[in-house]
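Okay, structure first, notes after.
Residue numbers (my numbering): 620 to 1078.
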């Protein structure tokens, strides 16, 4: 996640003002230092609690590096979050990627409301919205839907459409890569793997009080990653065909040196030591290429959930974000929860979770998913209900419980993004799929229909 409102390469500090529970907080950015970047050392917090802010000395740099300023003491609130959405421009008839990311960026990045949050991406056909820091889901909704409308308008001016999907429905043999030194280095390192690395994701950053706290959350979420994969599946089509998988993006990412479920870690020092040893091995040209489904940010005081495909609509993006944030609060809530999560994670060997992730990538929410509470496969929607019930106290405290309840109901009515894409493609081929992609990108009327459906199901 880049710092909103700050040009690339400009150091800035991300400030979250901590107020009593139930009181809105303010997130802002301001320039801070210009010295060369050095590694950040996050303070340790012994007994982290949800919605607790602590003092943190850290300077953030928008290009992914960072430095420490001993005079800067800022608060990081565990309730804060940021969202990265990747979008892809497509030909309206063939649904092939179109390399207009640079033109769209030049336009959107000059608009005052989107300066500093619009970014080029790995593919020349992509653009990214890396949001500001939020505490309230309503503010995030305004930003997500606003950017989607802006990028859709820009796509129309360029004679293309823009889609929020994990993989394009069809594509060329080899993509055009954005011309930066880092990206070209990755291409040289990974060679033919890049031919199929035409993927778009949703990444959710949630504030953490320390890297030690981040490792607690990372270990705790490992058994739940298969459920997140199933919920967020939105890439069933590839090279003009139905893959039979709900998240083909998840399958494609398996080709990278590090991907899927991370291992369990002893503590932050263990995490840092082990990721450092990966540098230079395989395709790990830098820490940014560690492609685990969840990881600690190296330049922000956050844990980053990377498991989700890009989502058709903003409401589902916010649903996944709310689950991520509530899970962080739950995992750090009380020592008993931390101990239970650590025990559950330790009992889930990597090979089991790896298999469960691919199972979810294949079947999505249509059949069974791995349920950590039962230790094996269980009906997907029942597993989701138990997960939401587990997080309900945190969802209530954060003000997200109604959003999540409505989203769960909508999931039963509409299915995942993968199910919707597959149904549209089956009904009417590419024209019907195009209508789905454009209709759901800016879903003002859709939200009203969802509320009606949720009321019918939830009573």
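Beta carbons: idealized from backbone N, C-alpha and C, even for Gly. Bear in mind that the values here come from a model prediction, so they are computed numbers and not experimental data.
Asked, Found
"Under the three-state DSSP convention, the category residue 821 falls into", "strand"
"Residue 817 beta carbon less than 8 angstroms from that of residue 795", "no"
"Residues bridged to residue 928 [DSSP beta-bridge criterion]", "820"
"Status (buried if at least 16 other CB within 10 Å, exposed otherwise) for residue 1019", "buried"
"Residue burial classification, residue 702 (beta-carbon count within 10 angstroms, cutoff 16)", "buried"
"Continuous beta strand (DSSP E) stretch holding residue 780: start and end", "780 to 782"
"C-beta contact flag for residue 809 and residue 902 at 8 angstroms", "yes"
"Residue environment, residue 984, which counts as buried when at least 16 other CB atoms sit within 10 Å", "buried"
"Beta-carbon gap between residue 757 and residue 853 smaller than 8 angstroms", "no"
"Residue 1031 to residue 801 span [Cα, whole Å]", "42 angstroms"
"Classification of residue 689 by the beta-carbon crowding that lies within 10 angstroms, buried from 16 upward", "Reliability fails at residue 689, whose pLDDT of 31 lies under 50, so the model's placement of it is uncertain and no value is given."
"Cβ shell of residue 894 (< 7 angstroms), same chain only, five flanking positions each side left out", "906, 909"
"Cβ-Cβ separation, residue 922 to residue 833 (assumed contact under 8 angstroms), whole Å", "5 angstroms"
"Inter-residue spacing [alpha-carbon to alpha-carbon] between residue 1027 and residue 720", "33 angstroms"
"Rounded distance between the beta-carbons of residue 766 and residue 699, thought under 8 angstroms", "Actually they are not in contact, since the Cβ atoms of residue 699 and residue 766 sit about 19 angstroms apart, beyond 8 angstroms."
"Of the residues 732, 739, 1051, the one placed nearest residue 705, counting alpha carbons only", "739"
"Three or more C-beta pairs below 8 angstroms linking the stretch 853 to 871 and the stretch 991 to 1004", "no"
"Sub-8 angstroms separation of residue 1022 and residue 915 beta-carbons", "no"
"Distance cut-off 7 angstroms: residue 717 Cβ against heavy atoms of the ligand FAD", "Questions concerning the ligand FAD fall outside what the structure shown contains, since it holds no ligand whatsoever."
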